[in-house]
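Engineer:
Protein chains in written order, with this note's numbering: chain D, 131 to 375; chain C, 13 to 121.
1. How about the stretch 270–288 of chain D and the stretch 63–71 of chain C: do they share at least three Cβ pairs that are nearer than 8 Å?
2. Can you tell me which of the three DSSP states residue 124 of chain D falls into?
3. Would you report the Cα separation of residue 93 of chain C and residue 285 of chain D, rounded to the nearest angstrom?
4. For residue 73 of chain C, decide whether its Cβ has a neighbour in chain D, counting only Cβ atoms nearer than 8 Å.
5. Distance, Cα to Cα, residue 197 of chain D vs residue 223 of chain D?
6. Tell me whether residue 291 of chain D sits in a helix, a strand or coil according to DSSP, three-state version.
7. Using 8 Å as the threshold, is the stretch 334–345 of chain D in touch with the stretch 296–311 of chain D, meaning 3 or more CB pairs across them?
8. Could you run through the stretch 82–107 of chain C and flag, in chain order, every residue whose CB is less than 8 Å away from some CB of chain D?
9. When DSSP labels each residue in this structure, what does residue 283 of chain D get in the three-state scheme?
10. Tell me whether residue 213 of chain D is buried or exposed, calling it buried when 16 or more other Cβ atoms sit within 10 Å of its Cβ.
11. Is there a Cβ from chain A that is less than 8 Å from the Cβ of residue 49 of chain C?
12. With a Cβ-Cβ cutoff of 8 Å, do residue 201 of chain D and residue 255 of chain D count as a contact?
13. Since residue 379 of chain D meets chain C, which of its residues come closer than 9 Å, beta carbon to beta carbon?
14. Measuring CB to CB, does residue 119 of chain C end up less than 8 Å from residue 28 of chain C?
15. Terminal residues of the continuous alpha helix (DSSP H) containing residue 187 of chain D?
16. By the DSSP assignment, the alpha helix (DSSP H) with residue 353 of chain D in it spans what residues?
17. Cβ closer than 9 Å: which chain C residues qualify as neighbours of residue 269 of chain D?
18. Please go through the stretch 28–53 of chain C and give each complete alpha helix (DSSP H) segment of 4 or more residues, from N-terminal end onward.
19. Within a Cβ cutoff of 8 Å, which residues of the same chain sit near residue 152 of chain D, ignoring the five residues on either side of it in sequence?
20. Work out the CA separation of residue 193 of chain D and residue 331 of chain D for me, nearest whole Å.
21. Show which residues of chain D have a CB atom less than 8 Å away from the CB atom of residue 66 of chain C.
22. Could you tell me which residues DSSP pairs with residue 218 of chain D in its beta bridges?
23. Per DSSP, what kind of secondary structure is residue 202 of chain D in: helix, strand or coil?
24. Taking all protein chains shown into account, decide if residue 220 of chain D is buried (16 or more other Cβ within 10 angstroms of its Cβ) or exposed.
25. Using CA coordinates, which residue listed in C:64, C:115 and C:90 is at the minimum distance from residue 82 of chain C?
26. Decide yes or no for the touch test of the stretch 201–211 of chain D against the stretch 286–295 of chain D: beta carbon pairs closer than 8 Å, at least 3 of them.
27. Just the chain C side, please: which residues come within less than 7 Å of residue 145 of chain D by C-beta, in chain order?
28. Can you give me the C-alpha to C-alpha distance between residue 326 of chain D and residue 58 of chain C, rounded to a whole angstrom?
29. Excluding five sequence neighbours on each side, which residues of the same chain lie with their C-beta closer than 6 Å to the C-beta of residue 111 of chain C?
30. Taking the alpha carbon of residue 236 of chain D as the point to measure from, which residue in D:257, D:183, D:191 and D:217 has its own alpha carbon closest?
31. Cβ of residue 36 of chain C less than 8 Å from any chain D Cβ?
32. Assuming residue 266 of chain D and residue 234 of chain D form a contact by the criterion Cβ under 8 Å, report the distance between their Cβ atoms to the nearest whole angstrom.
33. Where does residue 147 of chain D fall in DSSP's three states?
34. So residue 148 of chain D and residue 115 of chain C are in contact, right, with Cβ under 8 Å, and what is the actual spacing, rounded?
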């Protein structure tokens, strides 16, 4: 009897309360990156989008247009190939390629290593081109000053509603490829309404990275963060909601 | 599939804290608006915990609902997706709950 009751008694259980944020390690590394960048007055932008929205073309153009006034460096994230890093270097900026393999996003540790390799000088601008993916990269802070979302008019106007976490995580939205508007059924106003429903604080620019339309507002945004003391030199910041041509 | 990386993170954290003891149960908090799917975590957990002291642990996942306050009129309401419109028409919302993503507790055998 006694033996039986001992066998059926619950084994001793020790409960440990953790309250441990799951992404804590990445968050701490991202803060370290942020401090490293701030100490050198380097401003970093994390560029996010679905594949094919034109991030690399936007960066090539930005490097060609601003390369003489700003020191620009690029961290390229893709699952495979160094094609984008080569395009960036051909445009005139030092670049480091990160291949994530099976990974679907960049994390703060990868960016930390890439920054050590790039070694941008104080006062530089660093663009991090994340893996083309509207889901996973939204969750991982890299230590950037701003998350910039690039969408294109060849995608649907309901992208903000389908991928709300990404639209919510970003502060700037570039709607790219507006030169194609005459050829595609894309309602710009509906897209912007959806984006602002998800994130009313988004600053929206309508651009064509290949033709150059509307990039003035984007460039002013970069200049404002990169050289805050000389913002007045560049005049007033353009309207955030420009009309398509 | 960021849940794979997140589950690896969970397993690493609990193993480190368990100090070699076998883990019988893990309680997670994954808010409804956190962009993380509990089912995907369950799916990845067996794979990530295999051969570790967390192998075979019971996963309990609490899912706090989305809760917001309108910055325009201060009305509070529930959300089941990460955006919404208040009865006053406002869309600028303070998030009060639903974004949780943490390991609450674990039980050691």
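All C-beta atoms in this analysis are idealised placements derived from N, C-alpha and C, irrespective of residue type, glycine included.
Structural biologist: Let me spell this out:
1. Flag = no, the stretch 270–288 of chain D and the stretch 63–71 of chain C do not touch.
2. Within the shown structure, residues of chain D are numbered from 131 to 375, placing residue 124 of chain D beyond reach of any answer.
3. The straight-line gap from Cα to Cα measures roughly 21 Å.
4. Chain D contact via Cβ: absent.
5. Answer to the nearest angstrom: the Cα atoms are 8 Å apart.
6. Reduced to three states, the DSSP call for residue 291 of chain D is helix.
7. The stretch 334–345 of chain D, when compared against the stretch 296–311 of chain D, does touch it at the 8 Å Cβ threshold.
8. Going along the stretch 82–107 of chain C in chain order, one finds 93, 94, 95, 97, 103 and 104 with a Cβ nearer than 8 Å to chain D.
9. DSSP places residue 283 of chain D in the coil class of the three-state scheme, outside both helix and strand.
10. In the assembly as shown, residue 213 of chain D is an exposed residue. Its beta-carbon has fewer than 16 other beta-carbons within 10 Å.
11. The structure shown has no chain A; the protein chains it does contain are D and C.
12. Cβ atoms of residue 201 of chain D and residue 255 of chain D: closer than 8 Å.
13. Because chain D here runs from 131 to 375, residue 379 of chain D falls outside it and cannot be looked at.
14. Pairing residue 119 of chain C with residue 28 of chain C gives a Cβ-Cβ distance that is not under 8 Å.
15. Residue 187 of chain D: member of the alpha helix (DSSP H) spanning 185–196, first to last residue.
16. Where residue 353 of chain D is concerned, the enclosing alpha helix (DSSP H) stretches over 345–356.
17. Those within 9 Å of residue 269 of chain D in chain C are 14, 18, 46, 47, 48 and 113.
18. Taking 4 residues as the minimum length, the stretch 28–53 of chain C contains no alpha helix (DSSP H) run wholly inside it.
19. When the five nearest sequence neighbours on each side are left out, no beta carbon in the same chain lies closer than 8 Å to the beta carbon of residue 152 of chain D.
20. Each residue's alpha carbon lies about 27 Å from the other.
21. Ordered by position in chain D, no residue passes the 8 Å Cβ test against residue 66 of chain C, which lies about 13 Å from the chain.
22. Paired residue(s): none; residue 218 of chain D is not in a bridge.
23. In this structure, residue 202 of chain D counts as strand in the three-state DSSP scheme.
24. Exposed, by the Cβ-count rule.
25. From the listed residues C:64, C:115 and C:90, the smallest Cα separation to residue 82 of chain C is found for C:90.
26. No, the stretch 201–211 of chain D is not in contact with the stretch 286–295 of chain D.
27. 117 and 119, listed in chain order.
28. Distance between the alpha carbons of residue 326 of chain D and residue 58 of chain C: 40 Å.
29. The beta carbon of residue 111 of chain C is closer than 6 Å to those of 43, 45 and 46 in its chain, skipping five residues each way along the sequence.
30. It is D:257 whose Cα lies nearest to the Cα of residue 236 of chain D.
31. At least one beta carbon of chain D lies nearer than 8 Å to the beta carbon of residue 36 of chain C.
32. Residue 266 of chain D to residue 234 of chain D, Cβ: 4 Å. Contact.
33. Three-state DSSP puts residue 147 of chain D in a strand.
34. In this structure residue 148 of chain D is in contact with residue 115 of chain C, their Cβ atoms being roughly 5 Å apart against a cut-off of 8 Å.
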